[in-house]
Amino acid sequence: MGFSLDGVGMVHPNGQRALAGVTLAARDGERIAVIGPSGAGKTTLLRVLGAALRPGEGDVQALGARPWRLPAGALKKLRARIGTVHQAPPIAPRLRVVTAVLAGRLGEWSVLRALGSLFHPSDIAGAYEVLSRLSLEDRLFDRCDRLSGGQLQRVGIARVLYQRPALLLADEPVSALDPTLADAAIGELVAQSESTGATLVASLHAVDLALRWFPRVVGMRSGQVVFDLPTAEVTPAMLDALYASEGGVAVQHAPQPVAAEMAFQRPDCP
Amino acid sequence: MTTTTVVHRDPQAMRRLAGWLAALVIAWPMLALSEFKPWALLGSGNLAVIGGFLAGFFPPDGSPAFLALLAKATLETLAMATAGTALALLIGAPLAFVTTRALSISRIGPGPGRVQAGIVRQAARWLLMVLRAIPEIVWALLFVRALGLGPAAGVLALAITYGGMLGKVYAEILESTDTRPARALLESGSGRLAALCYGLLPHTAQELASYTVYRWECAVRASVVMGFVGAGGLGQLMDQSMKMLNGGEASSILLVFLVLVLLADMLSNALRRLLA
Chain A
235 MGFSLDGVGM VHPNGQRALA GVTLAARDGE RIAVIGPSGA GKTTLLRVLG
285 AALRPGEGDV QALGARPWRL PAGALKKLRA RIGTVHQAPP IAPRLRVVTA
335 VLAGRLGEWS VLRALGSLFH PSDIAGAYEV LSRLSLEDRL FDRCDRLSGG
385 QLQRVGIARV LYQRPALLLA DEPVSALDPT LADAAIGELV AQSESTGATL
435 VASLHAVDLA LRWFPRVVGM RSGQVVFDLP TAEVTPAMLD ALYASEGGVA
485 VQHAPQPVAA EMAFQRPDCP
Chain B
24 MTTTTVVHRD PQAMRRLAGW LAALVIAWPM LALSEFKPWA LLGSGNLAVI
74 GGFLAGFFPP DGSPAFLALL AKATLETLAM ATAGTALALL IGAPLAFVTT
124 RALSISRIGP GPGRVQAGIV RQAARWLLMV LRAIPEIVWA LLFVRALGLG
174 PAAGVLALAI TYGGMLGKVY AEILESTDTR PARALLESGS GRLAALCYGL
224 LPHTAQELAS YTVYRWECAV RASVVMGFVG AGGLGQLMDQ SMKMLNGGEA
274 SSILLVFLVL VLLADMLSNA LRRLLA
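Shown next, in the form of structure tokens:
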């Protein structure tokens with residue numbers, strides 16, 4: 235169970251290579267953080283794991299099945315057992331928070347229950363419970379377009395917690411949250427994995443979160459797995475090499491906000 | 024301080040210029056072919072002819088006998104347009120649901136069954152094309168022969184043509200909005216209908232409703248033309264008034280049209296506010 239990728243390669247239609255020879259496997263209930271610079275292929279990796287993207291090369295197994303060899307009905311059932319927290323929460327802005335969260339179980343519900351729940355939410359208590367874990371229960375009946383970016387991102391997490399998937403994928407799940415909330419949100423994803431036995435794979439830009447919450451860290455760069463180690467064995471030198479820019483200058487040591495400000499300063503206007 | 028040479032030329036500029044030139048080259052012969060000569064309107068005798076024709080429309084006819092006829096014809100037209108649009112909705116909405124690529128499960132991946140799904144989508148698209156390719160007036164002529172004079176023929180004609188139009192435009196509205204919410208739902212195993220209701224309708228309902236009301240407004244106008252071939256309503260009345268050269272009656276009918284279009288506009292605005 236869990237998942238396994240064997241020599242997976244992926245070239246996007248625009249000719250850009252996103253994954254090259256990725257071999258990675260996880261047991262049931264394992265928790266893995268994927269780190270690496272922007273454009274390293276983290277999102278593509280998660281989409282391949284989620285049976286949302288079919289790789290051109292290699293073999294994919296998720297939850298004991300090969301998604302691309304399944305007939306349509308079985309593939310749909312498999313997808314219902316995989317939950318993805320997307321980087322930008324794909325939630326229709328006019329939905330109410332409660333409806334957006336309950337949408338997590340659409341793969342499980344009958345059409346009748348799904349349509350009925352649009353008129354009267356069919357499991358208010360369930361939605362309340364997952365939202366309270368992310369301290370968002372007071373927004374239960376607000377519309378999603380009334381929320382801030384960070385609140386919307388937490389609604390996206392709550393939807394997947396409500397789905398209770400066996401394989402939980404999270405693509406930059408806390409990119410819009412402040413450090414305290416980010417820590418708590420990752421804690422909830424980990425707690426979900428512990429209580430349901432779900433395999434958890436999260437891509438993270440915040441290396442400290444990856445090191446704090448995950449027993450296993452995978453470093454990616456240019457579509458390849460650079461290292462795949464227990465967290466205790468990841469050294470600062472490895473992280474430096476992972477994030478080193480093309481010119482060989484490590485960017486990790488420069489405080490990020492200063493670097494961002496520098497970029498907007500025009501040299502000709504002192 | 025840049026050492027590399029920066030390209031300041033827009034690589035797309037030539038293609039854009041060529042596009043504009045092509046549009047001109049195509050548009051000019053079209054204008055010539057359609058004998059587009061607006062200055063002929065201002066020619067010596069023409070203005071007087073138009074003036075005489077318009078003068079006959081004044082004043083509008085307000086006699087009680089005609090107003091009673093007008094009210095009955097208005098109701099008939101409203102009924103025809105409403106029934107026709109409702110039937111068109113029943114034809115168009117399911118076909119749009121089948122046609123739209125925004126709800127395709129087999130395109131994710133791409134996964135199993137995408138060839139069959141592509142064939143079904145294309146077949147539905149062709150069906151929509153056939154439905155709307157034949158003008159409603161032709162359908163009306165056909166149904167008047169089958170069903171006899173009266174609004175029933177108009178209702179069927181509207182249902183068929185407008186069903187084709189609604190289906191095409193619904194499918195395109197669903198595709199041109201943000202499809203990621205629906206796609207994310209499909210990727211987590213949701214069915215197509217649920218993905219439509221949770222991922223697409225919330226942010227397209229306004230546009231879908233406003234287009235539907237606009238089509239209803241078009242149906243009111245189209246019923247005039249169909250009335251000319253005997254499909255009842257305001258059109259048939261208009262036909263009689265024009266044949267008897269009764270401009271006053273014709274202008275009263277036109278005033279009713281103005282009110283109906285105004286009504287459609289108000290309805291559309293109210294619906295958009297409701298769905299906002």
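Chain order of the listed sequences is A and B.
First residue of the first sequence: 235, per our numbering; consecutive thereafter.
First residue of the second sequence: 24, per our numbering; consecutive thereafter.
Note that CB positions come from ideal geometry on N, CA and C, so glycine has one too.
*Beta-carbon of residue 207/B versus every beta-carbon of chain A: anything under 8 angstroms?*
yes
*Continuous alpha helix (DSSP H) assignments of at least 4 residues falling wholly in the stretch 162 to 199 of chain B*: 174 to 199
*What residues from the stretch 246 to 279 of chain A come within 8 angstroms of chain B, judged by C-beta to C-beta, listed N to C?*
Taking 8 angstroms as the Cβ-Cβ cut-off against chain B, none of the residues of the stretch 246 to 279 of chain A qualify.
*Run the CB neighbour count on residue 76/B, radius 10 Å, all protein chains shown included, and call it buried at 16 or more, exposed below.*
It counts as exposed.
_Collapsed DSSP secondary structure at residue 154/B in the structure displayed_ = Assigned with DSSP and collapsed to three states, residue 154/B falls in helix.
*Proximity winner among 242/B, 139/B, 90/B, 87/B, relative to residue 101/B (alpha-carbon distances)*: 242/B
*Check whether the Cβ atoms of residue 394/A and residue 361/A lie closer than 8 angstroms to each other.*
no
*Using a Cβ-Cβ cut-off of 6 angstroms (strictly less than) and excluding sequence neighbours within five positions of residue 184/B, which residues of its own chain qualify?*
Within its own chain, the residues whose Cβ lies closer than 6 angstroms to the Cβ of residue 184/B, once the five positions on either side in sequence are excluded, are 155, 159, listed in chain order.
_Start-end ranges of the alpha helix (DSSP H) lying completely within the stretch 411 to 451 of chain A, minimum 4 residues_ = 413 to 430, 441 to 447
*Please report how far the alpha carbon of residue 36/B lies from the alpha carbon of residue 245/A, in whole angstroms.*
29 angstroms
*Secondary structure at residue 33/B, three-state DSSP: helix, strand or coil?*
Coil at residue 33/B, not helix or strand.
*Alpha carbon to alpha carbon, what distance is there between residue 210/B and residue 460/A?*
Going by the C-alpha atoms only, they are around 29 angstroms apart.
*Of all the options 221/B, 82/B, 200/B, which has the alpha carbon lying nearest to the alpha carbon of residue 330/A?*
221/B
*Following the continuous alpha helix (DSSP H) through residue 376/A, name the residue where it begins and the one where it ends.*
Secondary structure note for residue 376/A: it is in no alpha helix (DSSP H), with a DSSP letter that is neither H nor E.
*asked:* For the stretch 109 to 139 of chain B, list every residue whose C-beta sits within 9 angstroms of some C-beta in chain A, in sequence order.
replied: Under the 9 angstroms Cβ criterion, the stretch 109 to 139 of chain B contributes 128, 129, 131, 132, 133, 134, 135, 136.
*asked:* Tell me the rounded alpha-carbon separation between residue 281/B and residue 238/B.
replied: 16 angstroms
_chain A contact for residue 141/B (CB, 8 angstroms cutoff)_ = no
_Alpha-carbon spacing of residue 254/A relative to residue 375/A, whole angstroms_ = 45 angstroms
*With DSSP collapsed to three states, give me the class of residue 251/B.*
Residue 251/B: helix per DSSP, three-state reduction.
_Same chain, Cβ closer than 8 angstroms to residue 416/A, five either side skipped, listed in chain order_ = Result list for residue 416/A: 408, 440, 443, in chain order.
_Run of the beta strand (DSSP E) containing residue 74/B, from where it starts to where it stops_ = Taken as a continuous stretch (DSSP letters only), residue 74/B belongs to no beta strand (DSSP E), being part of the alpha helix (DSSP H) at 67 to 78.
*Does the stretch 314 to 330 of chain A come close enough to the stretch 201 to 216 of chain B that 3 or more CB-CB pairs lie under 8 angstroms?*
Yes, the stretch 201 to 216 of chain B touches the stretch 314 to 330 of chain A.
*Alpha carbon to alpha carbon, how far is residue 40/B from residue 48/B?*
12 angstroms
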